[in-house]
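Peer 1: Quick one: the structure is below, and I'll ask about it shortly.
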Amino acid sequence: MNNKPMKILFVDDEVAFLETLIKRLKKRGMDVSGTNSGEAAITILEANLVDLVVLDVCMPGMDGIEVLKKIKGKWPAIEVIMLTGHACLEAAGEGMETGAFDYLLKPIDIDDLLFKLEDAYDKIQISKGKIKTDEGGLNLNIKKTVKLG
Amino acid sequence: MNKNKIWGRPYYKSLTRNIMLTVIVVSFTPMILVSLVILYQFKTSYHEKVNAHLEELVLKHKQNIDIFLQDKTSDIKILSRSYGMDQLSNDSFLAERLSILQQEYKDVFVDMGVLNEQGLQVAYAGPFKLKNANYHEAAWFKKAIKNEVSVSDLFLGLRGLPHFIISARQKKGDQYWILRATIDFLSFNDLVENIRIGETGFAFIINRKNEFQTKPRVDISSEKELYKSLLVKKPEKFNGVQITIEQVGRKTKSVYGDEYLYVSSFLKNNDWLLVYRQNTSDAFSTIRRSMSLALVILIFGGSGIIAMTYLLSRRMVGFIAKSDTEKQLMNQRMVETSKLASIGELASGVAHEINNPVAIMVEEAGWIQDLLEEEEFSNSENLDEFERALNQIKAQGHRCKKITRKLLSFARKTQSNNHEININDLIREIIEHFKKRIKGSNVTMETDIKDPLPIIHGSNTELQQIFLNLINNGVDALGKTDGIVKISAMDVDGQILIKISDTGAGISPVNLDRIFDPFFTTKPVGKGTGLGLFICYGIIKKMGGKIDVDSVMDIGTTFSIYLPVNDKKNEKNL
Chain A
82 MNNKPMKILF VDDEVAFLET LIKRLKKRGM DVSGTNSGEA AITILEANLV
132 DLVVLDVCMP GMDGIEVLKK IKGKWPAIEV IMLTGHACLE AAGEGMETGA
182 FDYLLKPIDI DDLLFKLEDA YDKIQISKGK IKTDEGGLNL NIKKTVKLG
Chain B
68 MNKNKIWGRP YYKSLTRNIM LTVIVVSFTP MILVSLVILY QFKTSYHEKV
118 NAHLEELVLK HKQNIDIFLQ DKTSDIKILS RSYGMDQLSN DSFLAERLSI
168 LQQEYKDVFV DMGVLNEQGL QVAYAGPFKL KNANYHEAAW FKKAIKNEVS
218 VSDLFLGLRG LPHFIISARQ KKGDQYWILR ATIDFLSFND LVENIRIGET
268 GFAFIINRKN EFQTKPRVDI SSEKELYKSL LVKKPEKFNG VQITIEQVGR
318 KTKSVYGDEY LYVSSFLKNN DWLLVYRQNT SDAFSTIRRS MSLALVILIF
368 GGSGIIAMTY LLSRRMVGFI AKSDTEKQLM NQRMVETSKL ASIGELASGV
418 AHEINNPVAI MVEEAGWIQD LLEEEEFSNS ENLDEFERAL NQIKAQGHRC
468 KKITRKLLSF ARKTQSNNHE ININDLIREI IEHFKKRIKG SNVTMETDIK
518 DPLPIIHGSN TELQQIFLNL INNGVDALGK TDGIVKISAM DVDGQILIKI
568 SDTGAGISPV NLDRIFDPFF TTKPVGKGTG LGLFICYGII KKMGGKIDVD
618 SVMDIGTTFS IYLPVNDKKN EKNL
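First to last, the protein sequences are chains A and B. Each residue of the first sequence is one higher than the one before, counting from 82 in my numbering. Each residue of the second sequence is one higher than the one before, counting from 68 in my numbering.
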């Protein structure tokens with residue numbers, strides 16, 4: 082686990098899901114916060130520094146893609162992982178094209194999520210040029226396999 | 068289409084049999100009835116005709132004989148009247164009379180004699196030396212002396228030759244005298260013997276004592292008993308002629324040749340009986356010929372009818388079976404697209420709605436798992452059970468995820484449907500895959516691929532999924548029986564038509580309506596999700612194509628997939 086504090090924001094309209102997930106990640110010592118709408122997420126991002134956003138695609142009101150576009154427009158450094166049910170797979174695909182780092186299918190496996198988060202964090206470090214080679218970040222196997230089947 | 072399989076079905080067998088039976092019964096019954104009626108009528112009228120003819124014949128001859136006898140009798144009578152006893156007792160005068168008669172009748176008269184009342188022949192003319200012969204005791208004389216004229220029965224007499232005598236009685240003073248003449252047997256016999264018809268018909272005469280008065284052509288003395296019955300009949304009763312049919316020898320009527328027709332008539336004042344005898348089969352030979360001819364026609368016509376009935380009924384049932392099969396195919400082609408579309412929507416809706424709650428449950432289970440890792444629980448005796456239960460919840464959650472994913476793929480728009488696909492390469496790949504699988508099994512795989520086929524646009528993985536599903540189903544349909552799974556591909560009217568057919572058990576009409584429904588499966592629980600065809604249908608529809616199914620029980624199933632070659636709409640759907 083990366084020791085450096087990584088600020089992660091979870092956006093999901095399913096509050097029960099969101100809360101449990103945040104509890105589980107916090108238990109693992111991560112700096113995680115959450116919100117249940119796209120609009121609220123933008124507000125939070127404007128006020129706080131966030132490294133990574135995990136974004137549910139299917140949300141009432143401002144949906145995941147719109148939020149993604151806004152984030153990529155305003156804060157291109159922030160990496161976004163899309164989170165979706167099956168019905169929004171096309172949207173996830175579209176999200177990938179818009180600049181999302183990766184996507185995950187609900188229900189998610191906590192280990193898969195952690196793995197993806199780490200990958201994304203490594204990418205952030207690389208793009209910031211802060212990564213140290215001895216940390217072995219480049220050796221991480223960055224998987225961008227599109228799992229459709 | 069496997070014709071033998073259709074013929075083998077009991078329904079068509081019994082149908083063929085029933086048609087045959089009906090046609091045969093309907094055509095034979097009137098034919099046989101008409102034949103019988105006509106034959107009967109013909110037989111009756113022919114018998115009547117033959118009988119009438121024979122009756123007439125016998126009657127005519129009876130008259131002939133009667134006239135013959137009457138003529139001769141009158142001759143003798145006239146002679147006796149004209150000349151008287153004295154003149155006729157002169158031998159030379161008598162011989163002169165005889166010679167005149169003989170000239171007139173060609174040896175019918177053999178001799179003549181004059182007898183006195185005591186039976187003594189006082190004068191004689193003829194080849195025998197019978198002058199002064201005494202006939203006092205002779206039967207003919209006794210009869211002759213009592214009647215004005217008489218004709219005797221046939222007898223041998225003094226000369227030892229068969230003959231009969233006609234005589235005329237005259238009176239001289241108070242004494243009777245008789246002029247008699249002998250009639251040559253042979254010339255009389257000719258009269259009767261000339262009555263001949265056919266091969267067996269001939270006539271003879273018997274007297275009241277049942278003695279032959281003429282010589283029959285064949286020896287029929289053994290039948291003598293029979294004639295008694297003819298003699299018993301009273302002449303008044305049968306208008307002069309009677310006709311009877313009697314069996315001779317064997318008792319059974321079935322043997323031809325033993326049945327004879329007797330036509331008889333009394334003559335000579337009912338003293339003699341003229342009998343005409345003919346074998347019935349000879350007399351009615353025309354009928355027998357007609358019957359044989361009718362029988363031959365009946366047999367040939369009957370066999371003809373049976374053969375034609377057999378051929379026609381087979382052909383008819385063939386048509387029926389064919390149209391049944393076609394009807395079955397037509398019924399089964401109707402895939403209810405609208406129904407499937409709504410079911411698809413329902414399924415994806417349910418899948419979507421189920422997915423979030425499942426995600427939450429899995430997450431909560433994960434949270435509990437996280438908490439269990441804390442020290443305060445590490446000594447709990449049920450820790451392992453908690454772990455097991457939580458893992459189970461997670462596993463089932465992922466199972467739900469798989470199902471919902473499959474379900475949702477029905478309505479899902481894919482982002483990869485603009486790939487250029489060579490359908491033949493794809494099919495070959497899949498067949499290679501299957502060849503390994505069916506190695507050593509009873510399944511034969513055949514391909515009939517037109518090369519090259521136009522490139523189509525779509526998702527490689529999705530098309531693979533379709534073919535894998537359908538070929539898999541085909542192989543499963545064969546089960547443990549020998550069979551063929553055939554894949555053919557061709558281009559038809561700007562579309563690519565891919566057919567995947569198997570020679571398996573077929574799909575029952577009830578099931579056929581439902582095979583594209585989600586979760587419909589005939590496989591055992593756990594072996595199939597029932598989503599294969601549902602997804603295939605969804606993918607093909609998305610590609611702008613069409614899927615059809617033809618299935619006939621016991622013959623097999625064919626899935627036909629039509630894929631558009633150049634469908635630009637798909638690209639817009641990206």
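All C-beta atoms, glycine included, are put in the ideal place defined by N, C-alpha and C.
Under 9 Å between beta-carbons, which chain A residues line up against G464(B)? List them in chain order, please.
Peer 2: Within the second sequence, numbered from 1, the residue matching residue 464(B) stands at position 397. The contacting residues are P188.
Peer 1: What does the alpha-carbon distance come out to for the pair K636(B) and K594(B)?
Peer 2: Here residue 636(B) is taken as the residue at index 569 of the second sequence, counted from 1. Here residue 594(B) is taken as the residue at index 527 of the second sequence, counted from 1. Per-residue confidence for K636(B) stands at a pLDDT of 47, beneath the threshold of 50, marking its modelled position as unreliable; the derived number appears in the next sentence. Computed Cα separation, rounded: 37 Å.
Peer 1: Is the shortest distance between the beta-carbon of E448(B) and the beta-carbons of chain A less than 9 Å?
Peer 2: To locate residue 448(B), count along the second sequence from 1; it is residue 381. Cβ-Cβ to chain A under 9 Å: no for E448(B).
Peer 1: Assign S159(B) to one of three DSSP states: helix, strand, or coil.
Peer 2: For the purposes of this step, residue 159(B) is taken as residue 92 along the second sequence, with counting starting at 1. If DSSP states are grouped into helix, strand and coil, S159(B) belongs with the helices.
Peer 1: For the segment 141 to 159 of chain A, list every residue whose C-beta sits within 7 Å of some C-beta in chain B, in sequence order.
Peer 2: If the cut-off is 7 Å between Cβ atoms, the segment 141 to 159 of chain A has nothing near chain B.
Peer 1: For a cutoff of 9 Å on Cβ pairs, would you count G180(A) as touching chain B?
Peer 2: The residue given as residue 180(A) occupies position 99 in the first sequence. No, G180(A) does not count as interfacial toward chain B.
Peer 1: Would you mind stating whether L100(B) and A361(B) have Cβ atoms separated by less than 9 Å?
Peer 2: As a position in the second sequence, residue 100(B) is number 33, starting the count at 1. As a position in the second sequence, residue 361(B) is number 294, starting the count at 1. Going by C-beta atoms, L100(B) is not nearer than 9 Å to A361(B).
Peer 1: Within a Cβ cutoff of 7 Å, which residues of the same chain sit near D580(B), ignoring the five residues on either side of it in sequence?
Peer 2: Against the second sequence, residue 580(B) aligns to sequence position 513. The answer is none, since no qualifying residue turns up.
Peer 1: Counting C-beta neighbours from all protein chains within 10 Å, is the total for K291(B) 16 or more, i.e. buried, or is it exposed?
Peer 2: Against the second sequence, residue 291(B) aligns to sequence position 224. Answer is exposed; the Cβ neighbour count stays below 16.
Peer 1: What in chain A is Cβ-close to A426(B), meaning under 8 Å?
Peer 2: Locating residue 426(B) in the second sequence gives position 359, where the first residue counts as 1. E95, F98, G166, K187, P188 and I189, listed in chain order.
Peer 1: Going along the segment 98 to 122 of chain A in order, which residues come within less than 7 Å of chain B, judged by CB to CB distance?
Peer 2: Correct list: F98, T101, L102, K104, R105 and K108.
Peer 1: Cβ atoms of L136(B) and L341(B): under 9 Å apart, would you say?
Peer 2: On the second sequence, position 274 is the one that residue 341(B) refers to. On the second sequence, position 69 is the one that residue 136(B) refers to. No, these two residues do not count as a Cβ contact at 9 Å.
Peer 1: For N491(B) versus A556(B), is the C-beta distance shorter than 9 Å?
Peer 2: Indexing the second sequence from 1 puts residue 491(B) at position 424. Indexing the second sequence from 1 puts residue 556(B) at position 489. Contact flag set, yes.
Peer 1: Kindly indicate which residue of P77(B), V90(B) and Y79(B) has the alpha-carbon position closest to the one of I372(B).
Peer 2: Taking the first residue of the second sequence as 1, we reach residue 372(B) at position 305. I372(B) has its Cα closest to that of V90(B), out of P77(B), V90(B) and Y79(B).
Peer 1: Return the bridge partner residues of A205(B) from the DSSP annotation.
Peer 2: Reading the second sequence from its first residue, position 138 is the one you call residue 205(B). Note: A205(B) sits in no beta bridge, so no partner.
Peer 1: What would DSSP say about K295(B), mapped onto helix, strand or coil?
Peer 2: Within the second sequence, numbered from 1, the residue matching residue 295(B) stands at position 228. If DSSP states are grouped into helix, strand and coil, K295(B) belongs with the helices.
Peer 1: Helix, strand or coil for K613(B)? Go by DSSP, reduced to three states.
Peer 2: Here residue 613(B) refers to the residue found at position 546 of the second sequence. The answer is strand: DSSP assigns K613(B) an E or B state.
Peer 1: Thinking just about the alpha-carbon of each residue, which of T347(B), I134(B), N423(B) and K127(B) is nearest to the one in P188(A)?
Peer 2: For this step, residue 188(A) is matched to residue 107 along the first sequence. Comparing Cα-Cα distances from P188(A) to each of T347(B), I134(B), N423(B) and K127(B), the minimum goes to N423(B).
Peer 1: Could you name the residues of chain A that E431(B) contacts, counting a contact when the two beta carbons are closer than 7 Å?
Peer 2: The residue you call residue 431(B) lines up with position 364 of the second sequence. By Cβ distance, chain A contributes T101.
Peer 1: Hey, how far is the Cα of I159(A) from the Cα of F196(A)?
Peer 2: Sequence index remark: in the first sequence, residue 159(A) carries index 78 (1-based). Sequence index remark: in the first sequence, residue 196(A) carries index 115 (1-based). Computed Cα separation, rounded: 17 Å.
Peer 1: Measuring only the C-alpha atoms, how far is A162(B) from Y172(B)?
Peer 2: The residue labelled residue 162(B) in the question sits at position 95 within the second sequence. The residue labelled residue 172(B) in the question sits at position 105 within the second sequence. Approximately 15 Å between the Cα atoms of the pair.
Peer 1: Secondary structure at I89(A), three-state DSSP: helix, strand or coil?
Peer 2: Numbered from 1 along the first sequence, position 8 holds the residue referred to as residue 89(A). Three-state result, I89(A): strand.
Peer 1: Which residue wins for smallest C-alpha separation from T347(B), given the options S380(B), G268(B), F367(B) and A414(B)?
Peer 2: Your numbering for residue 347(B) matches position 280 in the second sequence. Checked all of S380(B), G268(B), F367(B) and A414(B); the closest Cα to T347(B) is G268(B).
Peer 1: F135(B) by DSSP, collapsed to three states: which one?
Peer 2: On the second sequence, position 68 is the one that residue 135(B) refers to. Three-state result, F135(B): helix.
Peer 1: Are the CB atoms of R275(B) and W339(B) within a distance shorter than 9 Å?
Peer 2: Residue mapping note: residue 339(B) aligns to position 272 of the second sequence, counting from 1. Residue mapping note: residue 275(B) aligns to position 208 of the second sequence, counting from 1. Cβ atoms of W339(B) and R275(B): closer than 9 Å.
Peer 1: If I follow the unbroken alpha helix (DSSP H) through V542(B), where does it start and stop?
Peer 2: Position 475 of the second sequence holds residue 542(B). Per DSSP, V542(B) belongs to the alpha helix (DSSP H) from N527 to L545.
Peer 1: What residue range does the beta strand (DSSP E) around D515(B) cover?
Peer 2: The residue you call residue 515(B) lines up with position 448 of the second sequence. Segment V510 to I516, the beta strand (DSSP E) holding D515(B).
Peer 1: Kindly list the residues whose CB is nearer than 7 Å to the CB of P283(B), restricted to its own chain and excluding five residues on each side of it in sequence; keep chain order.
Peer 2: The sequence position of residue 283(B) within the second sequence is 216, counting from 1. Around P283(B): F269 and F271.
Peer 1: What does DSSP give as the partner residue(s) for F231(B) in the beta ladder?
Peer 2: As a first step, residue 231(B) must be located in the second sequence, where it is residue number 164. DSSP output for F231(B) lists I250(B) as bridge partner(s).
Peer 1: So T124(A) is in the alpha helix (DSSP H); what residue range does that whole segment cover?
Peer 2: The residue given as residue 124(A) occupies position 43 in the first sequence. Start and end: G119 to A128.
Peer 1: So D437(B) contacts chain A; which residues on that side make the cut at Cβ distance below 9 Å?
Peer 2: Translated into the one-based positions of the second sequence, residue 437(B) becomes position 370. Under the 9 Å cutoff, chain A gives K104, R105, K108, R109 and I191.
Peer 1: In angstroms, rounded to a whole number, what distance separates the CA positions of G597(B) and L438(B)?
Peer 2: On the second sequence, position 530 is the one that residue 597(B) refers to. On the second sequence, position 371 is the one that residue 438(B) refers to. Spanning the two alpha carbons is a distance of roughly 39 Å.
Peer 1: Tell me which residues share the same chain as I354(B) and place their Cβ nearer than 6 Å to its Cβ, disregarding the 5 neighbours each side in the sequence.
Peer 2: Here residue 354(B) is taken as the residue at index 287 of the second sequence, counted from 1. Taken in chain order, the residues that qualify are K110 and Y113.
Peer 1: Spell out a yes or no on whether the segment 243 to 251 of chain B and the segment 173 to 189 of chain B are touching, meaning 3 or more CB-CB pairs, one atom from each, closer than 8 Å.
Peer 2: Yes: the two stretches touch, three or more of their Cβ pairs being nearer than 8 Å.
Peer 1: Given 8 Å as the limit, is there contact between the segment 135 to 151 of chain A and the segment 112 to 121 of chain A, that is, 3 or more CB pairs closer than that?
Peer 2: Contact holds: three or more Cβ-Cβ distances are below 8 Å.
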